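Visitor: Below is a structure I'd like to ask you about.
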Amino acid sequence: MKIIIVGGGAAGFFAAIHAASKGREVFILEKSPKLLSKVKISGGGRCNVTHRLMPNSQLVKNYPRGEKFLKKAFTHFSIPDTWTWFESRGVKLKTESDGRVFPQSDSSQSIIDALMKASEDAGVKIKTRQAVESIKEENGKYILSVSGSEITADKLIIASGGSPSSSGYSFFIKAKS
1 MKIIIVGGGA AGFFAAIHAA SKGREVFILE KSPKLLSKVK ISGGGRCNVT HRLMPNSQLV
61 KNYPRGEKFL KKAFTHFSIP DTWTWFESRG VKLKTESDGR VFPQSDSSQS IIDALMKASE
121 DAGVKIKTRQ AVESIKEENG KYILSVSGSE ITADKLIIAS GGSPSSSGYS FFIKAKS
């Protein structure tokens, strides 16, 4: 099974690592030349990884519009799972007085290195400068027009993050026509 993930940020990497660990062929397509760029600058360059340990029932109260969805999601992967995932990859974490959790190194590079190494170990194939121009579905397959060529996938994960304008989602509009 071939899975394509659109977006080379933290969510894209995490999805790719998880999917590839199940023995699937996984590709990350990132339109820019840089990977994990928001991770690099988050938390003032230290990368705020998660929040202090708390029960899921308390955690979801911080997200009133997404509480129901997140309650279910956090049963699959919660704050303790985040701690375990990073620390099992050599990234020690610390909790600050305001509850934010950072790598003990105080460097986002620790998080970037862990994600890059885990993706490499899982066999994820990464392609930068790959802008998705359109997506269509035919016979249960996804066909992506990417930087002038076509790529086919069995499954597709969109992890493109926020965009300052609707143009960041133009491939969705083209996919409907």
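For the sequence shown, the UniProt record's numbering begins at 1 and goes up steadily by one.
Even glycine gets a Cβ: it sits at the ideal position worked out from N, Cα and C.
On a predicted model such as this, the values are computed, not experimentally measured, just so you know.
1. Could you say which of Lys22, Ser21, Cys47 and Val26 lies nearest to Val6 if we only look at CA atoms?
2. Return yes when the Cβ of Ala114 is within less than 7 Å of the Cβ of Ile4, no when it is not.
3. My assumption, with CB atoms under 8 Å, is that Val91 sits in contact with Ile111. Please give the rounded CB distance.
4. Under 6 Å Cβ to Cβ from Ile158, same chain only, skipping five residues before and after it: list those, please.
5. Is it right to say Arg65 is buried, meaning 16 or more other beta carbons lie within 10 angstroms of its own, or is it exposed?
6. Just tell me which of Ile17, Thr84 and Asp98 has its CA closest to the CA of Gly43.
7. Measure from the alpha carbon of Arg100 to the alpha carbon of each residue in Val49, Pro33 and Gly23, then state which is nearest.
8. Quick check on this structure: which residue in Leu59, Lys71, Gln130 and Val124 has the alpha carbon closest to the alpha carbon of Ser147?
9. Pop quiz: Ser56 and Ser78 are said to be a contact at Cβ under 8 Å. What is the actual Cβ separation, rounded to whole angstroms?
Guide: On the basis of the coordinates in this document:
1. Taking the sequence shown and counting its residues from 1, one reaches residue 6 at position 6. Ranking Lys22, Ser21, Cys47 and Val26 by Cα distance to Val6 puts Val26 first.
2. Reading the sequence shown from its first residue, position 4 is the one you call residue 4. Reading the sequence shown from its first residue, position 114 is the one you call residue 114. Contact: no.
3. The sequence position of residue 91 within the sequence shown is 91, counting from 1. The sequence position of residue 111 within the sequence shown is 111, counting from 1. So it is a contact: roughly 7 Å between Cβ atoms.
4. Walking along the sequence shown from the start, residue 158 turns up at place 158. Answer for Ile158: Val6, listed in chain order.
5. By one-based count along the sequence shown, residue 65 stands at place 65. With fewer than 16 other Cβ atoms within 10 Å, it is exposed.
6. The sequence position of residue 43 within the sequence shown is 43, counting from 1. Of Ile17, Thr84 and Asp98, the residue nearest in Cα terms is Asp98.
7. In the sequence shown, residue 100 corresponds to position 100, counting from 1. Out of Val49, Pro33 and Gly23, Val49 has the C-alpha closest to the C-alpha of Arg100.
8. If you number the sequence shown from 1, residue 147 lands on position 147. When only C-alpha atoms are compared, the closest one is Gln130.
9. The sequence position of residue 56 within the sequence shown is 56, counting from 1. The sequence position of residue 78 within the sequence shown is 78, counting from 1. According to the sequence as given, residue 56 is Asn; it is not Ser. That pair is a contact at about 6 Å.
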